[in-house]
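Shown next, in structure tokens, is the structure this report addresses.
Number of protein chains: 2
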Amino acid sequence: MESNVHKISCPDCRLSDLCLPYGLQQNEVKQLATIVKNKRPTQTDEYLYLQGDAGQNLYAVKSGSFRSFISDANGNEQTIGFYLPGELMGLDALQHGFFTCSIVALETSMVCELPLSRLNELCAEIPGLQNQMLRILGKEIASDHDKILLLGHRSAKERVATFLLMLSRRYASLGFSSTEFNLSMRRQDIANFLGLTIETVSRQFTELSKDGVITVKQRSIQINDMASLKATVKPCLPDQLSFIA
Amino acid sequence: MESNVHKISCPDCRLSDLCLPYGLQQNEVKQLATIVKNKRPTQTDEYLYLQGDAGQNLYAVKSGSFRSFISDANGNEQTIGFYLPGELMGLDALQHGFFTCSIVALETSMVCELPLSRLNELCAEIPGLQNQMLRILGKEIASDHDKILLLGHRSAKERVATFLLMLSRRYASLGFSSTEFNLSMRRQDIANFLGLTIETVSRQFTELSKDGVITVKQRSIQINDMASLKATVKPCLPDQLSFIA
DNA sequence: CGTACAATTGAGAATCCTCAAGAGCAGTGG
DNA sequence: CCACTGCTCTTGAGGATTCTCAATTGTACG
Numbered sequence: 000m001e002s003n004v005h006k007i008s009c010p011d012c013r014l015s016d017l018c019l020p021y022g023l024q025q026n027e028v029k030q031l032a033t034i035v036k037n038k039r040p041t042q043t044d045e046y047l048y049l050q051g052d053a054g055q056n057l058y059a060v061k062s063g064s065f066r067s068f069i070s071d072a073n074g075n076e077q078t079i080g081f082y083l084p085g086e087l088m089g090l091d092a093l094q095h096g097f098f099t100c101s102i103v104a105l106e107t108s109m110v111c112e113l114p115l116s117r118l119n120e121l122c123a124e125i126p127g128l129q130n131q132m133l134r135i136l137g138k139e140i141a142s143d144h145d146k147i148l149l150l151g152h153r154s155a156k157e158r159v160a161t162f163l164l165m166l167s168r169r170y171a172s173l174g175f176s177s178t179e180f181n182l183s184m185r186r187q188d189i190a191n192f193l194g195l196t197i198e199t200v201s202r203q204f205t206e207l208s209k210d211g212v213i214t215v216k217q218r219s220i221q222i223n224d225m226a227s228l229k230a231t232v233k234p235c236l237p238d239q240l241s242f243i244a
Numbered sequence: 000m001e002s003n004v005h006k007i008s009c010p011d012c013r014l015s016d017l018c019l020p021y022g023l024q025q026n027e028v029k030q031l032a033t034i035v036k037n038k039r040p041t042q043t044d045e046y047l048y049l050q051g052d053a054g055q056n057l058y059a060v061k062s063g064s065f066r067s068f069i070s071d072a073n074g075n076e077q078t079i080g081f082y083l084p085g086e087l088m089g090l091d092a093l094q095h096g097f098f099t100c101s102i103v104a105l106e107t108s109m110v111c112e113l114p115l116s117r118l119n120e121l122c123a124e125i126p127g128l129q130n131q132m133l134r135i136l137g138k139e140i141a142s143d144h145d146k147i148l149l150l151g152h153r154s155a156k157e158r159v160a161t162f163l164l165m166l167s168r169r170y171a172s173l174g175f176s177s178t179e180f181n182l183s184m185r186r187q188d189i190a191n192f193l194g195l196t197i198e199t200v201s202r203q204f205t206e207l208s209k210d211g212v213i214t215v216k217q218r219s220i221q222i223n224d225m226a227s228l229k230a231t232v233k234p235c236l237p238d239q240l241s242f243i244a
């Protein structure tokens, strides 16, 4: 079944409630499905697109995970976010038709390709789709604001704890365990995303482990004391962890 | 004339090329103008809306400037951005219909109120308007990504220099001087926005002054050596200063 | 002129980074 | 089966940047 994931269309996709079809009528979802192009799997470390590429499509994650980042003139990267199944990539190209960041697969992954021109036409026909597009864009913006808060006003420990909580939340909304999961990204990616060094991230993991809050074994994470982990970032409002697109 | 700025409608507004009407036909702009509500001036330190408020409108800055920020449970603030004339506020409410940040006026300012329901209807009728909405949303997202880069990977000096450059750019696009302007925000706002303390911001201003790059006198800024200022943030790609919504 | 607020400047402290070495794990080939 | 290589992650010590605390100066406004 998993090997046929790239053949599943919107009406049958278990992610449809998280993705663009949310809130649409059944026949509208079918309409949407007609413009979706399936792509071959994206392999680990393969780029989906590069900063500066012409962006004529949006991409929805069907399986796996991705990392988005901006490169500067010196080749330094800033990781902007991580994308999990059901999430939409490429929204930054809406401005000028060029991607302002690059996207790379963290593992073997599947995406659905949505041509912007067709999507725009469909938005005019299906009000619910236009609304959902706006909701998704609003979510991206709200999530980016949370990241700005994270980078601007949080200590290293708070950043790492927040990172884990946000992954926990998103895995939960996908129907996976919120307390046990495997990180698909390297420490380097986490550090870069959080504006820290990998040594600092590693030390924070170690500290949280020593306090019994989490158990870390390479990429595998187990949250033993969710309350403590949340208390670590208590300065945040309870519902302000929608975080990290 | 300035006192009548709140009576100027879209077809006559000198900001129309920066704002929603960009790219629209003349009659379409008139249509848009019919849904715009003029509001009384917003005074310094007056809130346009508060985090958590129901958001049924977007707001375009007609004159003056605003600061947006997120508050956490302890009352700490993170400034998310500054808004100048022609820019659209309230996009974060598109997700759930609630504002995720608060907006406060930095000086006496005018805004145009755009009811989302009417705007949505109009978007379905006017393809150009829908496109412009998506462009604006894409710009907001790209700009937020730049802020994440700024907070995640830049030194204090780079942050302050970047802040000045971005203001310079935006004033220039409004037709004002790119080398001489007055800051409408306090040091505290700048520091908070940049993830620094006001002391650090002040010291960076002093250093840039001592190097002859800028002249600072309270809120008044003069850029004497634009090349040096840009060199301070050279790690960035030349066109990556679209910055800071 | 005095108060309140904003901004600057200085000294010491804390956090995080840099540099360096070592440990753990996967894949390769003898 | 085991050593070897490459990569990732961890751990430690010292250093740099930025923050905290405190005092002073400057500016706006009644």
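Protein chains in written order, with numbering that gives the first Met the number 0: chain L, 0 to 244; chain C, 0 to 244. For every residue, glycine included, the Cβ atom is placed at its ideal position computed from N, Cα and C. Just so we're clear, the structure is a prediction, and the values are computed from it rather than from any experiment.
Partner residues on chain C for residue i, Cβ-Cβ distance less than 7 Å
| i | result |
| --- | --- |
| C100/L | H144 |
| G151/L | Q77, L150, G194 |
Nearest residue (CA-CA) to residue i, options the options
| i | options | result |
| --- | --- | --- |
| P84/L | L90/L, E76/L, C111/L | C111/L |
| E157/L | K229/L, N37/L, A171/L, G74/L | K229/L |
| D91/C | P40/L, A141/L, G22/L, R153/L | A141/L |
| M109/L | A72/L, D224/L, K38/L | K38/L |
| T43/L | S208/L, S183/L, N73/L, D11/L | S183/L |
| K61/C | R168/C, L14/C, R185/C, G74/C | L14/C |
| S101/C | R202/C, L148/C, I69/C | I69/C |
| L31/C | T205/C, N73/C, S116/C | S116/C |
| S154/L | N73/L, G54/L, A123/L, L195/L | L195/L |
| S64/C | K29/C, E76/C, V103/C, G51/C | V103/C |
| A226/L | S219/L, K36/L, L164/L, G127/L | L164/L |
| H288/L | C12/C, Q131/C, K233/C | Outside the displayed range of chain L (0 to 244) lies residue 288/L, so it cannot be described from this structure. |
| F98/C | R168/C, D143/C, Q55/C | Q55/C |
| I290/C | C9/C, P20/C, P10/C, D16/C | Chain C is shown only over 0 to 244; residue 290/C falls outside these bounds and no answer can be derived. |
| L93/L | N73/L, A171/L, D52/L, L105/L | D52/L |
| Q203/C | S219/C, S176/C, T214/C, V159/C | V159/C |
| K146/L | I213/L, N26/L, Q77/L | Q77/L |
| N181/C | G211/C, E106/C, L128/C | E106/C |
| L87/L | A72/L, V35/L, A123/L | V35/L |
| Q24/C | A72/C, G127/C, F81/C, G80/C | G127/C |
Interface partners of residue i on chain C, CB under 9 Å
| i | result |
| --- | --- |
| K229/L | Going along chain C, no residue has its Cβ under 9 Å from K229/L, so there is no contact; the nearest lies around 12 Å. |
| I34/L | None at all; the shortest Cβ gap to chain C is about 16 Å. |
Coil, strand or helix - residue i by DSSP
| i | result |
| --- | --- |
| S2/L | Note that S2/L scores 48 on pLDDT, short of 50, meaning its location in the model is unreliable and no value can be drawn from it. |
| I213/L | strand |
| V28/C | helix |
| N130/L | helix |
| T78/C | strand |
| E120/C | helix |
| I243/L | Note on I243/L: pLDDT 34, under 50, position unreliable in the model; the coordinate value appears next. In this structure, I243/L counts as coil in the three-state DSSP scheme. |
| Q42/L | coil |
| A59/C | strand |
| E179/C | strand |
| F204/L | helix |
| L87/L | strand |
| L49/C | coil |
Partner residues on chain L for residue i, Cβ-Cβ distance less than 7 Å
| i | result |
| --- | --- |
| K138/C | Q94 |
| L133/C | L93 |
Partner residues on chain C for residue i, Cβ-Cβ distance less than 8 Å
| i | result |
| --- | --- |
| R185/L | What R185/L touches in chain C: nothing, since even the nearest Cβ is about 17 Å away. |
| A141/L | D91, Q94, T99 |
| I222/L | Per Cβ cutoff of 8 Å: no residues; I222/L is ~21 Å from chain C at best. |
| I189/L | Going along chain C, no residue has its Cβ under 8 Å from I189/L, so there is no contact; the nearest lies around 12 Å. |
Boundaries of the alpha helix (DSSP H) in which residue i is found, first to last residue
| i | result |
| --- | --- |
| A155/C | 155-172 |
| Q187/L | 186-193 |
| L228/L | 225-231 |
Extent of the continuous beta strand (DSSP E) to which residue i belongs
| i | result |
| --- | --- |
| M109/L | 109-114 |
| I102/L | 101-104 |
| R66/C | 65-70 |
| Q221/L | 219-222 |
- Closer than 7 Å, Cβ to any Cβ of chain C: which residues of the stretch 66-95 of chain L, in chain order? I69, D71, A72, N73, N75, Q77, I79, L90, D91, A92, L93, Q94
- Mind checking the stretch 107-128 of chain C against chain L and listing, in chain order, the residues whose C-beta falls within less than 8 Å of any C-beta there? N119, C122, A123, P126
- Just by C-beta distance, which residues in the stretch 191-216 of chain C are closer than 7 Å to chain L? G194
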